[in-house]
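Participant: Okay, handing you the structure first.
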């Protein structure tokens with residue numbers, strides 16, 4: 008084989024490798040929102056928590072309120088499918104809430120429950136998604 012043919016083959020192999028690495032890097036760099044739009048199989052569930060802050064000295068009370076449904080994922084009965092959240096995920100979400108608890112709100116002298124939400128991605132059960140405009144590997 009002539010020397011230039013060998014160089015061309017090496018260059019093609021190098022270019023193929025760079026294209027492969029570039030596609031893997033761009034796939035992991037896409038935001039959660041982009042993943043939702045591009046991949047019809049991508050599932051993400053909004054999870055709503057109720058938070059009651061009674062005073063600045065006591066920790067807030069956090070409870071799981073509801074797991075929402077992605078678009079077009081209703082059952083025939085019209086109800087959302089049952090999603091079992093891992094206990095570790097719920098604990099991590101509550102930890103995020105308690106790390107920056109809301110200010111206590113009172114109405115008629117009684118604490119008021121406020122609501123917050125995160126997102127659960129079954130393919131990444133240990134990840135609490137807080138920002139849809141960031142990639143999964145860059146979530147705070």
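Numbering (our numbering), first residue to last: 8 to 147. Don't be surprised by glycine CBs; every beta carbon is placed ideally from N, CA and C.
Going by alpha carbons, who is nearest to residue 136 out of 50, 46, 89 and 61?
Facilitator: Checked all of 50, 46, 89 and 61; the closest Cα to residue 136 is 50.
Participant: Going by CA-CA distance only, name the one from 134, 112, 53 and 38 that's closest to residue 67.
Facilitator: 112
Participant: Taking the CB atoms as reference points, tell me whether residue 57 and residue 120 lie closer together than 8 Å.
Facilitator: yes
Participant: What is the DSSP secondary structure of residue 71, reduced to helix, strand or coil?
Facilitator: strand
Participant: Less than 8 Å between the CB atoms is what I'm expecting for residue 142 and residue 38, so what's the real figure, rounded?
Facilitator: Residue 142 to residue 38, Cβ: 6 Å. Contact.
Participant: Apart from the five residues just before and just after residue 72, which ones in its own chain have a Cβ nearer than 8 Å to its Cβ?
Facilitator: 55, 56, 57 and 122
Participant: Whose CA, out of 44, 76 and 99, lies closest to the CA of residue 89?
Facilitator: 76
Participant: With distances taken from CA atoms, which of 91, 144, 94 and 140 is nearest residue 40?
Facilitator: 140
Participant: With a CB to CB cut of under 7 Å and the five nearest residues on each side skipped, what residues in its chain are close to residue 62?
Facilitator: 111
Participant: The beta strand (DSSP E) with residue 120 in it runs from where to where?
Facilitator: 120-127
Participant: Around the C-beta of residue 127, are 16 or more other C-beta atoms found within 10 angstroms, so that it is buried, or is it exposed?
Facilitator: buried
Participant: Closest by CA to residue 98, which one among 69, 114, 45 and 59?
Facilitator: 69
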